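Report on one structure; see the data block that follows.
2 protein chains.
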Amino acid sequence: MEDEHDYRVLSIQSHVVSGYCGNKAAVFPLQTLGFDVDILNTVQFSNHTGYPSWTGSKMTADQVQELFDGLEANGLTDDYTHILTGYIGNYSILEKVENMVRKLKSKNPKLIYVCDTVMGDEGALYVAPEIVPLYRNILRFVDVVTPNQFEAELLSEMKISSLKDACTAASKLHDLGAPNVIITTLCVPLVDVPKDIQLESSSDQSLYCFTSQTLPDGSIEQHLISFPTYPAYFTGTGDLFSSLVVARLQESINASVIPSLSDAAYRVVCSVNAIAKNTWLHQQKKIENLQDIKSKPDAAKITRQCELQLIKGKKEIECPERVGLGVIKKTRISQP
Amino acid sequence: MEDEHDYRVLSIQSHVVSGYCGNKAAVFPLQTLGFDVDILNTVQFSNHTGYPSWTGSKMTADQVQELFDGLEANGLTDDYTHILTGYIGNYSILEKVENMVRKLKSKNPKLIYVCDTVMGDEGALYVAPEIVPLYRNILRFVDVVTPNQFEAELLSEMKISSLKDACTAASKLHDLGAPNVIITTLCVPLVDVPKDIQLESSSDQSLYCFTSQTLPDGSIEQHLISFPTYPAYFTGTGDLFSSLVVARLQESINASVIPSLSDAAYRVVCSVNAIAKNTWLHQQKKIENLQDIKSKPDAAKITRQCELQLIKGKKEIECPERVGLGVIKKTRISQP
Chain A
1 MEDEHDYRVL
11 SIQSHVVSGY
21 CGNKAAVFPL
31 QTLGFDVDIL
41 NTVQFSNHTG
51 YPSWTGSKMT
61 ADQVQELFDG
71 LEANGLTDDY
81 THILTGYIGN
91 YSILEKVENM
101 VRKLKSKNPK
111 LIYVCDTVMG
121 DEGALYVAPE
131 IVPLYRNILR
141 FVDVVTPNQF
151 EAELLSEMKI
161 SSLKDACTAA
171 SKLHDLGAPN
181 VIITTLCVPL
191 VDVPKDIQLE
201 SSSDQSLYCF
211 TSQTLPDGSI
221 EQHLISFPTY
231 PAYFTGTGDL
241 FSSLVVARLQ
251 ESINASVIPS
261 LSDAAYRVVC
271 SVNAIAKNTW
281 LHQQKKIENL
291 QDIKSKPDAA
301 KITRQCELQL
311 IKGKKEIECP
321 ERVGLGVIKK
331 TRISQP
Chain B
1 MEDEHDYRVL
11 SIQSHVVSGY
21 CGNKAAVFPL
31 QTLGFDVDIL
41 NTVQFSNHTG
51 YPSWTGSKMT
61 ADQVQELFDG
71 LEANGLTDDY
81 THILTGYIGN
91 YSILEKVENM
101 VRKLKSKNPK
111 LIYVCDTVMG
121 DEGALYVAPE
131 IVPLYRNILR
141 FVDVVTPNQF
151 EAELLSEMKI
161 SSLKDACTAA
171 SKLHDLGAPN
181 VIITTLCVPL
191 VDVPKDIQLE
201 SSSDQSLYCF
211 TSQTLPDGSI
221 EQHLISFPTY
231 PAYFTGTGDL
241 FSSLVVARLQ
251 ESINASVIPS
261 LSDAAYRVVC
271 SVNAIAKNTW
281 LHQQKKIENL
291 QDIKSKPDAA
301 KITRQCELQL
311 IKGKKEIECP
321 ERVGLGVIKK
331 TRISQP
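Take a look at the structure:
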């Protein structure tokens, strides 16, 4: 009989020797929370592409498949409890991944697939356009999808300009097959935001995390989570975010007959925000001209000081509530 | 100014998607203890080669060099505090690594190089014979070398049949340039072992860990550490061991003007032994025919249940003394 807590995650993402993004950002948090992680690296780069240069190689779809086949030949794909995917810029690899998910779900119908549909940000697409409909198709197999606002727009094929739009877009992603949707960063007009979670802000727009969950009775429960922002340059926070969704959703499943996506997301936001804050403080201490970090920095030295303070964030990963209480708040949007 | 605890390790080892050996065994312990680890993977295999089959690819020496060059181009090799190397079966890669160590030491003269000279075990060499003299040469740049008994014999060019032999062999490795030597598993006749650390044993031979350290006055301090053994099949314990040497030696350096290799090794043995015990208990629970695990198992299913219980060993990594006290003992061999 399987132990209550024998969790095995297959995480398919990129790898950088130095710094934190892709699997380098996703694996440590999961391991810290007790999850065994099988690490399938789709690329091997010296560092992330925010640096002036990088070296290394990308795997072909056949090489990725070959590694999966090697696992399968040894029965190592029989009992995955979770699969996590992040940035996969290659259409052929993403097609293979779709088949892997299908296969893993047939071996373990309870397998949870957390899919971070990394395609772009702030209006700019950084994958081939044909990746978009493929992800839309993959949503049929997804348990949690974690797009940013732009990616949610691409998947739902609508512009999100208000909280109402976000609710509608999330419903569309539910219709495509994903029972749980987390729009990780949502920028909406302040008038849309319930008073009790409004943050002090100099602008008339605010940044939030939005969750939408289909309940067993078919109804949809939606929450908005507010969190403070920091004027820093971040890489890998999205990968950290989706990895923690795996762990916190599992906790919620263990705790309740009807797991709460918003509770899970709240705990994720607490950890990610605490690490983001530490990263911002580190940048303030290390970088002389703080103006430099408000946009993508050019010099390798600055970029390096901007790397996520992930390893020093172990406590923040282990104890999210401690760091979040009083600063990060959630409120229900949908009618109870 | 660099923070007191900004440690950055470059770890050059193999990578397996599933299971624990090479970097998969070395990185998590270091990260858990607060070390940033740059992970340079020399191979990408689906699983370790103790399974019936495996897939994946090995990097060429040029590909490894290219990744290092990519780091260097971004100034990311300027401030490594540690370098850790494990199994490198390829002569050309090991030559490149020698040059990398030389370069990193010129950039940071305080850089600590922990070298696990993985070449074979129990009389069997599993690398090309020309690797042996290359490692002997590399000892000039090494701060700690962690051979097993067979590897210590290869490096010192002498047979180790007694504790006295071990002392002599270690002195030879000091002469080759390594100020700190840890023979990770030493099998010596019971008559050699001081009474206060003798373990109950049905045989007339016992397994120990042996440390030898050159002190600032030129004298050599040598210790023997006793630990219980378990009749299980282990993979990756050596990689776990050498990674913890990095962390525990650094602690010892921080704590004292003359760091104690034996104190560091004692704490390493405590953690490794606790995780080995948990792995043995897991094997007992999961494998029906315990006879199967006393030798290298054939079936993938059994091999998989033999994987190191590393992730569940977080507490044992964080708090080594708690688990070791009373069971694991060390005694001084050299005259004070």
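These protein sequences, in sequence, are chains A and B.
Here the working numbering is used: the first residue of the first sequence is 1, the next is one more, and so on.
Here the working numbering is used: the first residue of the second sequence is 1, the next is one more, and so on.
Glycine included, every Cβ here is placed at the ideal spot set by N, Cα and C.
The structure presented is a predicted model; accordingly, all values stated were derived computationally and were not measured.
1) Do residue 328 of chain B and residue 228 of chain B come within 9 Å of each other at the CB atom, strictly closer than that value?
2) On a Cα-Cα basis, can you pick out the residue from B/140, B/110, B/28 and B/91 that is closest to residue 118 of chain B?
3) Candidates A/176, A/105, A/276 and A/78: which alpha carbon is nearest residue 300 of chain B's?
4) For a contact defined as C-beta to C-beta under 7 Å, what are the partners of residue 29 of chain A on chain B?
5) Based on Cα-Cα distance, which residue from B/121, B/311, B/116 and B/275 lies nearest to residue 242 of chain B?
6) Considering only C-alpha positions, which residue in the set B/250, B/47 and B/32 is nearest to residue 14 of chain B?
7) If we ignore side chains and look at the alpha-carbon of each, how far apart do residue 143 of chain A and residue 157 of chain B end up?
8) For residue 110 of chain A, does the three-state DSSP call read helix, strand or coil?
9) Just how far apart, CA to CA, sit residue 129 of chain B and residue 121 of chain B?
10) Along chain B, which residues have their Cβ under 9 Å away from the Cβ of residue 254 of chain A?
11) Within its chain, find whatever has a CB closer than 8 Å to the CB of residue 82 of chain A; leave out the 5 residues flanking it on each side and keep chain order.
12) Using a Cβ-Cβ distance under 9 Å, would residue 15 of chain B count as near chain A?
13) Tell me the rounded alpha-carbon separation between residue 132 of chain B and residue 73 of chain B.
14) Just grab the DSSP bridge partners of residue 180 of chain A for me.
15) Which residue wins for smallest C-alpha separation from residue 21 of chain B, given the options B/253, B/259, B/240 and B/42?
16) Taking the Cβ atom as the reference point for each residue, do residue 184 of chain B and residue 147 of chain B lie within a distance shorter than 9 Å?
17) Evaluate contact between the stretch 203 to 223 of chain A and the stretch 164 to 172 of chain A, counting only Cβ atoms and requiring at least three cross-stretch pairs below 8 Å.
18) Give every residue of the same chain whose Cβ lies closer than 6 Å to the Cβ of residue 179 of chain A, excluding the five residues on either side of it in the sequence, and list them in chain order.
19) Let me check one thing: in DSSP terms, what residues is residue 189 of chain A bridge-paired to?
20) Check whether the Cβ of residue 47 of chain B lies closer than 9 Å to any Cβ atom in chain A.
21) Would you tell me roughly how many angstroms separate the C-alpha atoms of residue 102 of chain B and residue 65 of chain B, rounded to the nearest one?
22) Given this structure, state the Cα-to-Cα distance separating residue 339 of chain B from residue 265 of chain B, to the nearest angstrom.
23) Could you tell me whether the Cβ atoms of residue 323 of chain B and residue 274 of chain B are closer together than 9 Å?
24) Is residue 54 of chain A close to chain B, meaning its C-beta is less than 9 Å from at least one C-beta of that chain?
25) Identify, in the order they occur along the chain, each residue of the same chain with its Cβ nearer than 7 Å to the Cβ of residue 314 of chain A, setting aside the five sequence neighbours on each side.
26) Looking only at C-alpha atoms, which of A/89, A/188, A/108 and A/109 sits nearest to residue 126 of chain A?
27) Comparing alpha-carbon positions, which option in B/162, B/280 and B/173 lies nearest residue 206 of chain B?
28) Quickly, what does DSSP pair residue 57 of chain B with across the bridge? List them, please.
29) Please state whether DSSP places residue 124 of chain A in a helix, a strand or coil.
30) Determine the extent of the beta strand (DSSP E) in which residue 12 of chain A is found, giving its start and end residues.
By the coordinates alone:
1) Numbered from its first residue, the second sequence carries residue 228 of chain B at position 228. Numbered from its first residue, the second sequence carries residue 328 of chain B at position 328. Contact: yes.
2) In the second sequence, the residue the question calls residue 118 of chain B occupies position 118. It is B/91.
3) Your numbering for residue 300 of chain B matches position 300 in the second sequence. Of the candidates A/176, A/105, A/276 and A/78, the one whose C-alpha sits nearest the C-alpha of residue 300 of chain B is A/78.
4) Locating residue 29 of chain A in the first sequence gives position 29, counting from the first residue. Residues of chain B passing the Cβ test: none, with the nearest at roughly 10 Å.
5) For the purposes of this step, residue 242 of chain B is taken as residue 242 along the second sequence, with counting starting at 1. Answer by Cα proximity: B/116.
6) Translated into positions along the second sequence, residue 14 of chain B becomes position 14. For residue 14 of chain B, the nearest C-alpha among the options comes from B/47.
7) Residue mapping note: residue 143 of chain A aligns to position 143 of the first sequence, counting from 1. Residue mapping note: residue 157 of chain B aligns to position 157 of the second sequence, counting from 1. One C-alpha to the other measures close to 59 Å.
8) Locating residue 110 of chain A in the first sequence gives position 110, counting from the first residue. Residue state, collapsed to three classes: coil.
9) As a working mapping, residue 129 of chain B is identified with position 129 in the second sequence. As a working mapping, residue 121 of chain B is identified with position 121 in the second sequence. Their Cα atoms are separated by approximately 14 Å.
10) Along the first sequence, read from residue 1 onward, the residue named residue 254 of chain A stands at position 254. Residues of chain B passing the Cβ test: none, with the nearest at roughly 17 Å.
11) To locate residue 82 of chain A, count along the first sequence from 1; it is residue 82. Excluding residues within five positions, the ones whose Cβ falls inside 8 Å are 7, 8, 9, 10, 35, 111, 112, 113, 114, 246 and 250.
12) For the purposes of this step, residue 15 of chain B is taken as the residue at position 15 of the second sequence. Flagged as an interface residue toward chain A: residue 15 of chain B, by a C-beta distance shorter than 9 Å.
13) As a position in the second sequence, residue 132 of chain B is number 132, starting the count at 1. As a position in the second sequence, residue 73 of chain B is number 73, starting the count at 1. In a straight line, the C-alpha of residue 132 of chain B is about 32 Å away from that of residue 73 of chain B.
14) As a working mapping, residue 180 of chain A is identified with position 180 in the first sequence. A/144 and A/213.
15) Numbered from 1 along the second sequence, position 21 holds the residue referred to as residue 21 of chain B. Per the Cα distances, B/240.
16) Taking the second sequence and counting its residues from 1, the one referred to as residue 184 of chain B is at position 184. Taking the second sequence and counting its residues from 1, the one referred to as residue 147 of chain B is at position 147. A Cβ-Cβ contact shorter than 9 Å links residue 184 of chain B with residue 147 of chain B.
17) yes
18) Taking the first residue of the first sequence as position 1, residue 179 of chain A is located at position 179. Cβ within range, chain order: 214.
19) For this step, residue 189 of chain A is matched to residue 189 along the first sequence. According to DSSP, which records beta bridges pairwise, residue 189 of chain A is partnered with A/205.
20) Here residue 47 of chain B refers to the residue found at position 47 when the second sequence is read from its first residue. Taking Cβ atoms only, chain A reaches closer than 9 Å to residue 47 of chain B, which makes this a yes.
21) On the second sequence, residue 102 of chain B is found 102 positions in, with the first residue counted as 1. On the second sequence, residue 65 of chain B is found 65 positions in, with the first residue counted as 1. Answer to the nearest angstrom: the Cα atoms are 14 Å apart.
22) Given that chain B is displayed from residue 1 to residue 336, the structure contains no residue 339 of chain B and the question cannot be resolved.
23) Walking along the second sequence from the start, residue 323 of chain B turns up at place 323. Walking along the second sequence from the start, residue 274 of chain B turns up at place 274. Yes, the pair counts as a contact, with Cβ atoms nearer than the cut-off.
24) Counted from its first residue, the first sequence places residue 54 of chain A at position 54. Yes, residue 54 of chain A counts as interfacial toward chain B.
25) What you label residue 314 of chain A is simply residue 314 of the first sequence in a count that begins at 1. Only 32 meet the Cβ criterion.
26) Within the first sequence, residue 126 of chain A is the residue found at index 126, counting from 1. Considering only alpha carbons, the answer is A/89.
27) As a position in the second sequence, residue 206 of chain B is number 206, starting the count at 1. Residue 206 of chain B has its Cα closest to that of B/162, out of B/162, B/280 and B/173.
28) To locate residue 57 of chain B, count along the second sequence from 1; it is residue 57. B/44.
29) Locating residue 124 of chain A in the first sequence gives position 124, counting from the first residue. In this structure, residue 124 of chain A counts as strand in the three-state DSSP scheme.
30) Your numbering for residue 12 of chain A matches position 12 in the first sequence. Its beta strand (DSSP E) spans residues 8 to 16.
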